[in-house]
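Chemist: This is the structure I want to talk about, given as C-alpha cells.
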Amino acid sequence: MSTTICPPDEPAARKREPSFLESIVGRRGGLRSILAQVEAVAPTNATILITGETGTGKEVIARAIHELSPRRNRSLVTVNCAAMPAGLLESELFGHERGAFTGAVSTHLGRFVSADRGTLFLDEIGDMPLELQPKILRALQEREFEPVGSTRTTKVDVRIVAATNRDLRQMVQDGEFREDLYYRLNIFPIFLPPLRERKRDIPEFVKYFVEQFATSMDKTIDTIPEETMRSMLSHSWPGNIRELQNYVARGVILSTDGVFEPAPLERCEPAPPENETSNSTLEDKVRKEILAACQRANWKLGGPRGAAARLGLKRTTLFYKMRRLGITPPADHWAD
Numbered sequence: 001m002s003t004t005i006c007p008p009d010e011p012a013a014r015k016r017e018p019s020f021l022e023s024i025v026g027r028r029g030g031l032r033s034i035l036a037q038v039e040a041v042a043p044t045n046a047t048i049l050i051t052g053e054t055g056t057g058k059e060v061i062a063r064a065i066h067e068l069s070p071r072r073n074r075s076l077v078t079v080n081c082a083a084m085p086a087g088l089l090e091s092e093l094f095g096h097e098r099g100a101f102t103g104a105v106s107t108h109l110g111r112f113v114s115a116d117r118g119t120l121f122l123d124e125i126g127d128m129p130l131e132l133q134p135k136i137l138r139a140l141q142e143r144e145f146e147p148v149g150s151t152r153t154t155k156v157d158v159r160i161v162a163a164t165n166r167d168l169r170q171m172v173q174d175g176e177f178r179e180d181l182y183y184r185l186n187i188f189p190i191f192l193p194p195l196r197e198r199k200r201d202i203p204e205f206v207k208y209f210v211e212q213f214a215t216s217m218d219k220t221i222d223t224i225p226e227e228t229m230r231s232m233l234s235h236s237w238p239g240n241i242r243e244l245q246n247y248v249a250r251g252v253i254l255s256t257d258g259v260f261e262p263a264p265l266e267r268c269e270p271a272p273p274e275n276e277t278s279n280s281t282l283e284d285k286v287r288k289e290i291l292a293a294c295q296r297a298n299w300k301l302g303g304p305r306g307a308a309a310r311l312g313l314k315r316t317t318l319f320y321k322m323r324r325l326g327i328t329p330p331a332d333h334w335a336d
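First residue of the sequence shown? That's 1 in the numbering used here, and the numbers climb one at a time after it.
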C-alpha cells in the first residue's frame, strides 16, 4: 500500500476563489478548532497572543488573522524581538530622529508607523528587553509614542498580534516580563499544539510539502510508500512542522523514479533554529552595536556597568549572540 499524490483538478469555469483559511494545511485536523478561533477574533481589533513551541506555525496563524481582518488591504509588518539588542529594537519599532545616536544619519520612521492601520506581528515577544516593555505597553494602550531622540508624539492605529515559545506567566513570576504588559497582550490567547499531538495532520503536511518541493525542483513524485508514511507518523518531530518540512525537502532531493524515498529518520536531525536576522545588513548593525557596547565596557560583559546591561540583555543572551556573530573578546579579557 502507498499514498498516491493526485494532480490538482482543472479549474472550473466559475470556480470560487478559496479563502485564506482554506489554503492552510492541517485545517481539517488538529487546527480546526484553532481556525474557528481565528475566524471569530480576526474581524475585531483585539490584541492576540499566540503561544506554542518553535516551528508550530505561529506566523502562519498571525497572517491568517491579518488576511481575515478589515485591515487586510494594509500592511502586515513583522518584527523578531529576539533578533536585536534593546537600543536597536527600540529604534526599529518606534523610529528615531536624525542624530539621536551615533550612526543615526537620517530619520527612521519605524515599524509602528509602517503598520499604521494594519497589523504589527511581534514575534518572540518573550525575548523583548524588560526596559523596553513600558514603551510597548503605552503604545498598545494609548496608541501613541515618541521616536528615539524626539519629543514629538506620534499617534498610530495598529492591531497587535504577538507570539512566543516561552512561558510568559512564569516569566512574570520570575520578574522577567511585566505583568501589566502580559495581561494587555493576553486578551485573546491562541495556543498551537506541537506536531506530536497532531498526528492526523502529518499525512496532509507530507503530501503538501512533497508536491511543493517536487515542483520547485522540477521532479515528478507521485507515490509515498506506506512504510515511509508510518515511520513519519511514529516520529516525535521535536522541531515540529519546520523539521518535517526540512526532512521532506531532503527526501525529495534523494527521491527517484517517482517514489518519495527519504533518508532514515534516525539520521534526520531536528531542523536548526531560524537565523535571528533576516538579512546581512541587520546582522551587521547588531554586530556593530554589540562590539561598541563591549568596547565601552572594556569587555566586561556582566555586572551593572557591563556590556549586557548596556544592551539591555541577559549575560547568557549576550554570550549566545556573540558566539552566533563570531565576536570574541581580546585574549586578555577572557576571564569575564
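Cβ coordinates follow ideal geometry from the N, Cα and C atoms, glycine included.
Excluding sequence positions up to five away, which residues of its chain have a Cβ less than 7 Å from the Cβ of Arg-74?
Modeler: In the sequence shown, the residue the question calls residue 74 occupies position 74. Excluding residues within five positions, the ones whose Cβ falls inside 7 Å are Arg-117, Gly-118.
Chemist: Taking Glu-243 as the reference, give the member of Gly-175, Lys-285, Arg-196 with the closest Cα.
Modeler: Taking the sequence shown and counting its residues from 1, the one referred to as residue 243 is at position 243. Here the closest residue by C-alpha is Arg-196.
Chemist: Span of the beta strand (DSSP E) holding Asn-298?
Modeler: The residue given as residue 298 occupies position 298 in the sequence shown. Note, Asn-298: premise wrong, no beta strand (DSSP E); not H, not E.
Chemist: Under three-state DSSP, which class holds Glu-117?
Modeler: In the sequence shown, residue 117 corresponds to position 117, counting from 1. Residue identity differs from the one stated: residue 117 is Arg in this sequence, not Glu. Three-state result, Arg-117: coil.
Chemist: Around the C-beta of Tyr-247, are 16 or more other C-beta atoms found within 10 angstroms, so that it is buried, or is it exposed?
Modeler: As a first step, residue 247 is located in the sequence shown; it is residue number 247 there, counting from the start. The residue in question, Tyr-247, is buried, as its Cβ has 16 or more Cβ neighbours within 10 Å.
Chemist: Compare the beta carbon distance of Leu-185 and Thr-47 with 8 Å and say whether it is the shorter of the two.
Modeler: Within the sequence shown, residue 185 is the residue found at index 185, counting from 1. Within the sequence shown, residue 47 is the residue found at index 47, counting from 1. Their beta carbons are under 8 Å apart, which means Leu-185 touches Thr-47 by this criterion.
Chemist: Using a 10 Å radius around the Cβ and a threshold of 16 neighbouring Cβ atoms, would you call Gly-175 buried or exposed?
Modeler: Working through the sequence shown from its first residue, we reach residue 175 at position 175. That one is exposed.
Chemist: Could you check if Asp-180 is buried or exposed, using at least 16 other CB atoms within 10 Å of its CB as the buried criterion?
Modeler: Taking the first residue of the sequence shown as position 1, residue 180 is located at position 180. Answer is exposed; the Cβ neighbour count stays below 16.
Chemist: Please list, in chain order, all residues of the same chain as Lys-155 whose beta carbon is under 7 Å from its beta carbon, the five residues on each side excluded.
Modeler: On the sequence shown, position 155 is the one that residue 155 refers to. Excluding sequence neighbours, Lys-155 sits near Arg-143, Glu-144.
Chemist: Just checking Ile-253 against the ligand SAM - is the residue's beta carbon closer than 7 Å to any of the ligand's heavy atoms?
Modeler: Of ligands this structure carries none, so the ligand SAM is not represented either.
Chemist: Ile-50 to Leu-168, Cα distance in whole Å?
Modeler: Numbered from 1 along the sequence shown, position 50 holds the residue referred to as residue 50. Numbered from 1 along the sequence shown, position 168 holds the residue referred to as residue 168. If I take the Cα positions, the gap works out to 11 Å.
Chemist: Measure the C-alpha to C-alpha separation of Gly-110 and Lys-300 and round it to an integer number of angstroms.
Modeler: Position 110 of the sequence shown, counted from the first residue, corresponds to residue 110. Position 300 of the sequence shown, counted from the first residue, corresponds to residue 300. Cα to Cα, Gly-110 sits roughly 31 Å from Lys-300.
Chemist: Considering only the beta carbon of each residue, do Val-259 and Thr-223 sit closer than 8 Å?
Modeler: Mapped onto the sequence shown, residue 259 falls at position 259. Mapped onto the sequence shown, residue 223 falls at position 223. With a cutoff of 8 Å on beta-carbon distance, Val-259 and Thr-223 are scored as near each other.
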